[in-house]
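Undergrad: Numbering (our numbering), first residue to last: 4 to 323. We put the beta carbon where it would ideally sit given N, CA and C, even for glycine. Nothing here was measured: the structure is a model prediction, and the numbers come from that model. Provided herewith is a single structure, encoded as structure tokens, for subsequent inquiry.
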């Protein structure tokens with residue numbers, strides 16, 4: 004059996020002192036194997052970035068353990084860092100008036116990247132699609148190109164573990180698509196990847212497993228179906244209804260009906276069903292109050308399951 008690339012065991016982290024002390028991460032455990040992408044979801048302030056910084060050895064956990072490629076990262080952080088490529092992204096982190104090649108040469112010297120240095124720098128630039136831009140100043144790069152340069156920097160030492168903290172935030176659709184394809188390629192090379200993101204479609208496309216962190220705790224780990232089950236959602240029925248105005252007031256008493264405008268006076272109503280699944284009497288009641296053009300029942304999307312989970316929804320609150 005392959006050795007895990009990353010293991011967090013019941014890690015905690017507090018910030019502040021005295022009465023202001025607060026726990027940002029409270030007993031999070033997770034594991035990533037070779038060639039696996041683990042997606043980390045959660046609202047702002049949930050503890051995602053703190054978790055990834057502990058995995059990267061930038062923060063020491065208050066308690067619990069961190070292992071990177073079999074190395075105890077709490078006791079031997081310097082050794083563990085040799086196996087980690089960290090991508091925090093954003094516009095910072097590079098000398099903007101220097102070229103992409105010169106930036107990576109500098110970071111290669113700091114990280115002890117594979118030698119010879121210049122050939123390694125050229126290789127990672129080519130790897131992220133910037134092979135023809137090595138002589139360009141970073142200040143001329145688009146945000147998407149800078150994100151790819153961050154990934155190139157993370158790959159300098161050829162690490163088996165890649166940590167990506169919201170890598171596609173602020174990218175245009177083309178840049179985000181290119182970055183996601185790069186993540187797929189890195190996974191196919193056998194690297195373990197930890198990905199935090201607010202983009203649920205991105206998580207659904209890339210992640211083999213998901214963990215949802217709320218209030219510093221990992222509340223569920225597994226597939227999209229596991230998240231739906233934890234949220235108490237079995238299926239969703241979409242009703243297309245005809246109305247001159249938002250029909251939300253007609254279903255205001257039903258907290259598990261979401262309305263979305265569609266063109267030409269049509270509205271989409273999505274009904275979240277609980278453990279008992281589709282119930283004809285409730286559907287019939289909706290039909291009696293609305294002009295239903297069509298309806299279909301499907302599995303819940305990751306977005307629906309995730310939002311229901313954040314609302315603290317359980318099966319008794321959905322239509323069960």
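Can you give me the start and stop residues for the beta strand (DSSP E) that residue 213 sits inside?
TA: Locating residue 213 in the chain shown gives position 210, counting from the first residue. Per DSSP, residue 213 belongs to the beta strand (DSSP E) from 212 to 217.
Undergrad: Which residue's Cα is closest to the Cα of residue 291: 275, 306 and 244?
TA: Residue mapping note: residue 291 aligns to position 288 of the chain shown, counting from 1. The candidate whose alpha carbon is nearest that of residue 291 is 244.
Undergrad: Can you tell me which of 241, 296 and 308 puts its alpha carbon nearest to the alpha carbon of residue 267?
TA: As a first step, residue 267 is located in the chain shown; it is residue number 264 there, counting from the start. Taking only the C-alpha atoms, the option nearest residue 267 is 296.
Undergrad: Reducing DSSP to helix, strand and coil, say where residue 108 ends up.
TA: Position 105 of the chain shown, counted from the start, is the residue given in the question as residue 108. Correct three-state label for residue 108: helix.
Undergrad: Quick check on this structure: which residue in 87, 68, 142 and 79 has the alpha carbon closest to the alpha carbon of residue 103?
TA: Here residue 103 corresponds to residue number 100 of the chain shown, with the count starting at 1. Taking only the C-alpha atoms, the option nearest residue 103 is 142.
Undergrad: Which runs of the alpha helix (DSSP H) at least 4 residues long sit entirely within the stretch 23 to 65? Give them in chain order.
TA: You should have 51 to 58.
Undergrad: Measuring CB atoms only, is the stretch 137 to 153 touching the stretch 87 to 97, in the sense that at least three cross pairs come out at less than 8 Å?
TA: With a cut-off of 8 Å, the stretch 87 to 97 and the stretch 137 to 153 count as touching, because enough Cβ pairs lie within range.
Undergrad: Taking contact to mean 3 or more Cβ pairs, one atom from each stretch, closer than 8 Å, check whether the stretch 296 to 315 and the stretch 226 to 240 are in contact.
TA: Touching, per the Cβ criterion.
Undergrad: Count the other CB atoms, across all protein chains shown, that sit within 10 Å of the CB of residue 106; report buried if there are 16 or more and exposed otherwise.
TA: Taking the chain shown and counting its residues from 1, the one referred to as residue 106 is at position 103. Residue 106 should be labelled buried.
Undergrad: What is the residue span of the alpha helix (DSSP H) that residue 357 lies within?
TA: Since the displayed the chain opens at 4 and closes at 323, residue 357 lies outside it and no answer follows.
Undergrad: DSSP puts residue 88 in a beta bridge; with which residues?
TA: As a first step, residue 88 is located in the chain shown; it is residue number 85 there, counting from the start. Paired residues: 165.
Undergrad: Compare the Cα-Cα distances from residue 1 to each of 269, 58 and 224 and report the closest residue.
TA: With the chain represented from 4 up to 323, any question about residue 1 goes unanswered, as that position is not in the structure.
Undergrad: Leaving out five residues before and five after residue 133 in sequence, what residues of the same chain have Cβ atoms less than 7 Å from its Cβ?
TA: In the chain shown, counting from the first residue as 1, residue 133 sits at position 130. Within the same chain, residue 133 has close Cβ partners 103, 148, 151, 152 and 155.
Undergrad: Please identify the residue among 175, 125 and 22 whose C-alpha is closest to the C-alpha of residue 202.
TA: Reading the chain shown from its first residue, position 199 is the one you call residue 202. Per the Cα distances, 175.
Undergrad: Work out the CA separation of residue 122 and residue 73 for me, nearest whole Å.
TA: Position 70 of the chain shown holds residue 73. Position 119 of the chain shown holds residue 122. Answer to the nearest angstrom: the Cα atoms are 29 Å apart.
Undergrad: So the candidates are 159, 71, 240 and 65; which of them puts its Cα closest to the Cα of residue 197?
TA: Position 194 of the chain shown, counting from 1, holds the residue named residue 197. Checking every option, the nearest Cα to that of residue 197 belongs to 71.
Undergrad: Threshold first: 3 residues or longer. Then list the beta strand (DSSP E) segments lying entirely within the stretch 290 to 321, N to C.
TA: Runs of the beta strand (DSSP E) inside the stretch 290 to 321: 294 to 301.
Undergrad: Output the boundary residues of the alpha helix (DSSP H) element that contains residue 154.
TA: Locating residue 154 in the chain shown gives position 151, counting from the first residue. Looking at the DSSP string, the run of the alpha helix (DSSP H) that includes residue 154 is 146 to 158.
Undergrad: What residues match up with residue 120 in a beta bridge as DSSP calls it?
TA: The residue labelled residue 120 in the question sits at position 117 within the chain shown. Paired residue(s): none; residue 120 is not in a bridge.
Undergrad: Tell me whether residue 23 is buried or exposed, calling it buried when 16 or more other Cβ atoms sit within 10 Å of its Cβ.
TA: Counted from its first residue, the chain shown places residue 23 at position 20. By the 10 Å Cβ count, residue 23 comes out exposed.
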